[in-house]
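Its first residue numbered 4, the sequence shown is counted upward by one per residue in this note's numbering.
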Amino acid sequence: MTAHTVESGEFAGWQTWPDEPFEYDAAGPFYFKFDDQGPVAAFRAERKHMNAGGVMHGGCLMSFADFSLFAIAHDGMEGEYGVTVAFTSEFLDGALEGEYMEARGDVLRRGRSLTFVRGIITANGRPVLNFSGTIKKRKKKT
């Protein structure tokens, strides 16, 4: 999957996958980069991400966590396509509109076809979701 570098705005210099319509257009856009602490994914919480109670919808947090699995594992994917085959999460707190959402994590194990990842999402530095998942490399269907 080819990443695109953002040229302007709050996330200038970050990368994203505009070929992922759900994560880019519907749920996101979400962004990722590599800094001195390793891979990081982020986005700014907007009104469209909130539920009727005024906090971020759980589905949005889980979608961002799924995106983050791939951002964290990006270096080892070697440009190959992958799918999530397992995913778990625990909600820790609610995120509010306007907050800076960030995910960081680790690759626990990388095999030939399976990669195991864990991470945590924060809202303005406050933990809101703990997650882990398994990515399976696949040949992209044409």
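C-beta atoms are modelled at their ideal positions from N, C-alpha and C, and glycine is treated no differently.
With a threshold of 16 other CB atoms inside 10 Å of the CB of Ser135, please say whether the residue is buried or exposed.
Ser135 should be labelled buried.
Could you tell me the alpha carbon to alpha carbon distance between Phe46 and Gly108, rounded to whole angstroms?
If you take the alpha carbons of Phe46 and Gly108, they lie about 16 angstroms apart.
What are the partner residues of Pro21, as DSSP defines its beta bridges?
Answer is none; Pro21 lacks a bridge partner.
In whole angstroms, what is the alpha-carbon distance linking Ala126 and Met104?
Cα to Cα, the separation comes out at about 5 angstroms.
Going by the beta-carbon positions, is the gap between Thr19 and Ala6 smaller than 8 angstroms?
Yes, they are a contact pair.
If you compare alpha carbons, which of Ala98, Asp39, Leu72, Val43 is closest to Lys140?
Ranking the options by Cα distance to Lys140, first place goes to Leu72.
So what does DSSP say about Ala98, is it helix, strand or coil?
Three-state result, Ala98: coil.
Taking Asn133 as part of the beta strand (DSSP E), name the residues at either end of that continuous run.
Start and end: 129-141.
Please report how far the alpha carbon of Ala48 lies from the alpha carbon of Gly56, in whole angstroms.
About 15 angstroms.
Grab me the residues of Ser116's own chain with a C-beta within less than 7 angstroms of its C-beta, minus the 5 sequence neighbours each way, in chain order.
Counting only Cβ-Cβ distances below 7 angstroms, and skipping sequence neighbours, we find Lys139, Lys140.
State whether the region 83-91 contacts the region 20-40, with contact taken as three or more CB pairs (one from each stretch) at a distance under 8 angstroms.
Touching, no, given that fewer than three Cβ pairs across the two stretches are closer than 8 angstroms.
Return the chain-ordered list of same chain residues with a C-beta closer than 8 angstroms to the C-beta of Arg112, the five sequence neighbours on each side being excluded.
The answer, listed in chain order, is Thr118, Phe119.
Please work out which residues of its chain come closer than 8 angstroms, Cβ to Cβ, to Asp96, disregarding the five sequence neighbours upstream and downstream, and give them in chain order.
For Asp96, where only same-chain residues beyond five positions count, the Cβ hits under 8 angstroms are Ala126, Arg129, Pro130, Val131.
Between Glu10 and Pro21, what straight-line distance do the alpha-carbon atoms span, to the nearest angstrom?
Distance between the alpha carbons of Glu10 and Pro21 is about 13 angstroms.
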